[in-house]
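Novice:
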Amino acid sequence: MDRVSKDLRPVGFPILVCAGILAAWWIAAGCVWAGDGQAVGSDSARAQRIEELQKHRERIERELNQLKQQPDGVSRSSVPRTELSNQPTRTLKESMESVPGVASSPGAEGRSVDLSIRGAGK
3 MDRVSKDLRP
13 VGFPILVCAG
23 ILAAWWIAAG
33 CVWAGDGQAV
43 GSDSARAQRI
53 EELQKHRERI
63 ERELNQLKQQ
73 PDGVSRSSVP
83 RTELSNQPTR
93 TLKESMESVP
103 GVASSPGAEG
113 RSVDLSIRGA
123 GK
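Residues 3 to 124 in our numbering are what the sequence shown lists, from first letter to last.
Spelled out as structure tokens, the structure:
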């Protein structure tokens, strides 16, 4: 039995070393391949994020241009379409009465209503 283990020992040791080297190579290659997959995924996510930021930048630039064109001391507000469409109103007069800074009164000279907008003058 002693002789059998001595005979296997020289053959078994190189196999064990080769198996260890192969395992280390396999683990290293797996890490490299996994990193490549993440790089492709992150490139796609990065490109998508860049596109989102460009759209956001364009919107901000449009708003800045509008503000630059607006004179000092003048405020501007808008009412979203959904706010008007969700109101239980039947006429434009009823819808406009709910907007801040807008007042309505019975019209003169055959008009049905006069609208006054705060800050618009007479």
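Here a beta-carbon is modelled for each residue, glycine too, at the ideal position from N, C-alpha and C.
Tell me where the beta strand (DSSP E) around Ser118 begins and ends.
Specialist: It spans 115–119 - the beta strand (DSSP E) in which Ser118 sits, taken as one unbroken run.
Novice: Among all the DSSP beta bridges, which residues are the ones paired with Pro108?
Specialist: Pro108 is bridged to Val115.
Novice: Helix, strand or coil, according to DSSP, for Ala47 in the structure here?
Specialist: Note: Ala47 maps to helix in three-state DSSP.
Novice: Please go through the same chain and pick out, in chain order, the residues whose beta-carbon is closer than 8 angstroms to the beta-carbon of Ser106, but skip the five residues on each side of it.
Specialist: Cβ within range, chain order: Lys95, Met98, Glu99, Val115, Asp116, Leu117, Ser118.
Novice: Please report how far the alpha carbon of Val101 lies from the alpha carbon of Glu54, in whole angstroms.
Specialist: So the two alpha carbons sit approximately 33 angstroms from each other.
Novice: Excluding the five sequence neighbours on either side, which residues of its own chain have a C-beta within less than 8 angstroms of the C-beta of Val104, listed in chain order?
Specialist: Hits under 8 angstroms: Met98, Leu117, Ser118, Ile119, Arg120.
Novice: Name the two residues that bound the continuous alpha helix (DSSP H) containing Ser97.
Specialist: 94–99 is the span of the alpha helix (DSSP H), which, as asked, contains Ser97.
Novice: Nearest-angstrom Cα distance between Ile62 and Thr91?
Specialist: Taking the straight line from one Cα to the other gives about 34 angstroms.
Novice: Short of 8 angstroms in beta carbon distance, which residues of its chain neighbour Ser81, apart from the five on each side in sequence? Order them along the chain.
Specialist: According to the sequence as given, residue 81 is Val; it is not Ser. Val101, listed in sequence order.
Novice: Is DSSP giving Val19 helix, strand or coil here?
Specialist: Val19 falls in the helix class under three-state DSSP.
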